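Numbering (our numbering) for the sequence shown: 52 to 520.
C-beta: ideal position from N, C-alpha, C; glycine also.
Bear in mind that the values here come from a model prediction, so they are computed numbers and not experimental data.
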Amino acid sequence: MSSYDLIVIGTGPGGYVCAIKAAQLGLKTAVVEKRATLGGTCLNIGCIPSKALLHASEVFDHAGHQFAELGVDLETPKLNLPNMMKHKEAVIKSNVDGVAFLMKKNKIDTYTGTGSIAAAGKVTVTADDGSKQDLEAKNIVIATGSDVAGIPGVDVDIDEKVIVSSTGALELEKVPGKMVVVGGGVIGLELGSVWSRLGADVTVVEYLDTVLGGMDKDVSKQFKKIMEKQGVKFELGAKVTDVKKADSGGMVTFEPVKGGDAKSIGADIVLIATGRKPYTDNLGLKEAGVAMDDRGRVEIDDHFQTSVKGIYAIGDVVRGAMLAHKAEDEGVAVAEILSGQAGHVNYDVIPGVVYTQPEVASVGKTEEELKAAGIAYRAGKFPFSANGRARAMLAPDGFVKVLADKATDRVLGVHIIGLGAGEMIHEAAVLMEFGGSSEDLGRTCHAHPTMSEAVKEAAMATFAKPIHM
Ligand SMILES: Cc1cc2nc3c(=O)[nH]c(=O)nc-3n(C[C@H](O)[C@H](O)[C@H](O)COP(=O)(O)OP(=O)(O)OC[C@H]3O[C@@H](n4cnc5c(N)ncnc54)[C@H](O)[C@@H]3O)c2cc1C
Numbered sequence: 052m053s054s055y056d057l058i059v060i061g062t063g064p065g066g067y068v069c070a071i072k073a074a075q076l077g078l079k080t081a082v083v084e085k086r087a088t089l090g091g092t093c094l095n096i097g098c099i100p101s102k103a104l105l106h107a108s109e110v111f112d113h114a115g116h117q118f119a120e121l122g123v124d125l126e127t128p129k130l131n132l133p134n135m136m137k138h139k140e141a142v143i144k145s146n147v148d149g150v151a152f153l154m155k156k157n158k159i160d161t162y163t164g165t166g167s168i169a170a171a172g173k174v175t176v177t178a179d180d181g182s183k184q185d186l187e188a189k190n191i192v193i194a195t196g197s198d199v200a201g202i203p204g205v206d207v208d209i210d211e212k213v214i215v216s217s218t219g220a221l222e223l224e225k226v227p228g229k230m231v232v233v234g235g236g237v238i239g240l241e242l243g244s245v246w247s248r249l250g251a252d253v254t255v256v257e258y259l260d261t262v263l264g265g266m267d268k269d270v271s272k273q274f275k276k277i278m279e280k281q282g283v284k285f286e287l288g289a290k291v292t293d294v295k296k297a298d299s300g301g302m303v304t305f306e307p308v309k310g311g312d313a314k315s316i317g318a319d320i321v322l323i324a325t326g327r328k329p330y331t332d333n334l335g336l337k338e339a340g341v342a343m344d345d346r347g348r349v350e351i352d353d354h355f356q357t358s359v360k361g362i363y364a365i366g367d368v369v370r371g372a373m374l375a376h377k378a379e380d381e382g383v384a385v386a387e388i389l390s391g392q393a394g395h396v397n398y399d400v401i402p403g404v405v406y407t408q409p410e411v412a413s414v415g416k417t418e419e420e421l422k423a424a425g426i427a428y429r430a431g432k433f434p435f436s437a438n439g440r441a442r443a444m445l446a447p448d449g450f451v452k453v454l455a456d457k458a459t460d461r462v463l464g465v466h467i468i469g470l471g472a473g474e475m476i477h478e479a480a481v482l483m484e485f486g487g488s489s490e491d492l493g494r495t496c497h498a499h500p501t502m503s504e505a506v507k508e509a510a511m512a513t514f515a516k517p518i519h520m
């Protein structure tokens with residue numbers, strides 16, 4: 052029987068990063084993956100394919116709407132959806148092949164099949180043909196990720212053709228005339244904006260009275276306005292009570308959360324984007340004695356260990372934000388802990404990005420969270436409409452908002468909506484990791500002309516006054 056220091060079950064960003072770090076630190080490591088390719092949800096059906104389509108649809112949209120203003124005349128651009136999908140497939144392939152290469156490079160054994168835990172130190176891999184292989188390990192890391200969640204209390208038959216999850220929405224064969232997106236969170240708005248840019252009439256139906264729930268309210272309000280300007284419609288405060296297939300397409304029925312008459316909208320495609328749930332099917336956790344919480348997540352302590360010694364868990368299958376980089380950082384931390392080092396994740400500084408156009412990015416506390424916690428703060432804001440580079444790039448929409456502790460000036464949160472927000476947020480993340488102040492940020496020389504100057508100006512607006520406003 053093959054024996055390892057560490058076996059990781061699942062090769063998403065949590066699992067494969069954990070395995071690489073463990074191998075780098077000298078642990079004899081294996082991974083088990085039930086999918087034919089490595090990389091998990093993120094590389095196969097999540098972050099990477101969605102960003103390939105977001106970028107391609109953005110270029111298409113710019114060609115149709117912005118090029119003329121920039122002095123580039125061309126015939127009305129025509130969509131070649133099969134080629135756009137080919138681009139997405141090529142991007143997926145190069146990424147999953149890259150992970151396979153990294154497994155070999157780091158001498159990590161890969162087992163294809165469903166992993167289950169017989170007991171601490173014992174993993175069985177069941178291949179598609181039913182054959183089984185038993186493995187041994189000093190430690191096991193569960194990194195089995197998450198799966199599409201349905202709508203609570205509503206029986207929805209996701210056929211991935213008419214009623215689709217994010218997976219089906221990444222593979223539509225033609226642009227729907229009308230699309231209803233159930234759920235105004237990150238995934239729904241990213242994929243809704245892809246198909247809206249390609250020509251679909253998109254309506255987002257959301258239970259809350261705001262989109263991007265959990266984001267800073269200033270940002271989500273502005274974001275909704277921008278999306279509306281781009282043609283996306285919203286039904287907020289709407290509780291979906293039924294989703295079914297109709298003669299052609301699907302039908303979504305909802306009623307106001309506050310009470311009132313129900314309404315139905317027909318669509319060619321209905322995208323269910325109401326969140327994801329931890330995935331632990333066929334893992335044998337109950338038999339192995341691994342405790343779960345009431346939301347189906349694997350329970351872990353502060354060092355990622357489950358209720359069973361020698362069995363750890365990371366990523367979407369445990370508490371915290373369902374984000375690839377959070378899973379990666381947990382993977383590194385657990386590998387370090389298993390190698391006798393002090394692995395740690397700072398959950399106060401995990402950036403979140405929405406890859407729409409413009410992007411939304413945030414790190415740390417929102418204004419609402421600070422108010423609820425009774426923390427006195429100062430807020431500084433700077434709009435991209437007053438930034439020279441943004442004007443040059445026809446990207447005046449959005450702003451940067453910095454929140455700093457009133458007494459110490461330590462930065463507690465930064466929220467950005469604007470072109471390239473997902474890149475700009477990292478200077479705030481580094482600043483916050485080092486416990487920096489808004490004055491530290493505002494007195495740091497920023498290259499001109501850059502969008503990032505708006506970050507500096509927002510920081511200046513927090514401890515003093517901005518220059519360009
Ligand atoms: C459409 C979409 C877009 C997204 N975009 C972003 C984004 O832009 N940025 C971001 O940070 N996050 C994004 N996410 C979320 C991100 O994909 C997840 O947070 C991330 O993949 C979680 O990583 P993980 O390693 O925990 O699990 P996963 O990536 O889900 O990987 C788990 C792996 O385990 C395997 N597995 C499960 N059970 C077993 C078993 N018993 N035996 C063997 N293998 C098993 C699965 O096949 C899978 O490959 C997106 C998600 C979706 C759906």
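- Going by C-alpha positions, V207 is about 50 Å away from G493.
- Between the stretch 138-148 and the stretch 164-180 there are fewer than three inter-stretch CB-CB distances shorter than 8 Å, so the stretches are not counted as touching.
- In this structure H466 is buried. Its beta-carbon is surrounded by 16 or more other beta-carbon atoms within 10 angstroms.
- T513: member of the alpha helix (DSSP H) spanning E504 to F514, first to last residue.
- Bridge pairing for H466: S413 and K452 [DSSP].
- Exclusion of the five residues before and after K79 leaves Y55 and D56 as the residues of its chain whose Cβ lies within less than 6 Å of its Cβ.
- Counting every other CB atom within 10 Å of its CB across the protein chains shown gives F485 a total below 16, marking it as exposed.
- Rounded to whole angstroms, E224 and I99 show a C-alpha spacing of 19 Å.
- DSSP places Q273 inside the alpha helix (DSSP H), whose first and last residues are K268 to K280.
- Counting the other CB atoms within 10 Å of its CB gives M52 a total below 16, which places it among the exposed residues.
- Using a 10 angstroms sphere on the CB of S108, the tally of other CB atoms reaches 16 or more, which defines it as buried.
- A residue is called buried once 16 or more other Cβ atoms fall within 10 Å of its Cβ, and R370, having fewer, is exposed.
- When DSSP assignments are scanned along the stretch 366-428, the uninterrupted stretches of alpha helix (DSSP H) that are 4 or more residues long and fall wholly within it turn out to be 375-389 and 418-423.
- A direct Cα-Cα distance of roughly 6 Å separates G196 from G366.
- Closer than 7 Å to some heavy atom of ligand 1: that describes the Cβ of M373.
- For R327, the number of other beta carbons within 10 angstroms of its own is at least 16, and it is reported as buried.
- Not one heavy atom of ligand 1 lies closer than 7 Å to the C-beta of P409.
- The beta carbon of G335 sits closer than 7 Å to the beta carbons of S167, I168 and A169 from its chain, once the five residues preceding and following it are set aside; these are given in chain order.
- In this model, G469 and E504 are separated by some 13 Å (Cα to Cα).
- Contact between the stretch 446-455 and the stretch 264-273 is present, with at least three C-beta pairs closer than 8 Å.
- In this structure, the CA atom of G236 is about 36 Å from the CA atom of N190.
- Looking only at N397, L374 and F435, the smallest Cα-Cα distance to V405 is reached by L374.
- Selection G91, M135 and A81 evaluated against A103 yields M135 as nearest (Cα-Cα).
- About 6 Å separates the beta carbons of K72 and G382, which is inside the 8 Å limit, making them a contact pair.
- Close CB contacts of A512 within its chain, under the 7 Å cut and outside five residues either way in sequence, are with G431, K432 and F433 (chain order).
- For K173, the shortest C-beta to heavy atom distance toward ligand 1 is 7 Å or greater.
- Within a 10 Å sphere around the beta-carbon of C496 sit fewer than 16 other beta-carbons, which makes this residue exposed.
- A distance below 8 Å separates the beta carbons of E418 and K268.
- For G317, the uninterrupted beta strand (DSSP E) segment begins and ends at K314 to A318.
- For C93, the CB contacts under 7 Å within the same chain, skipping 5 residues up- and downstream, are G63, P64, I99 and A375 in chain order.
- N190 has L57 as its beta-bridge partners, per DSSP.
- Residue environment analysis places V110 among the exposed positions, since fewer than 16 neighbouring C-beta atoms fall within 10 angstroms of its C-beta.
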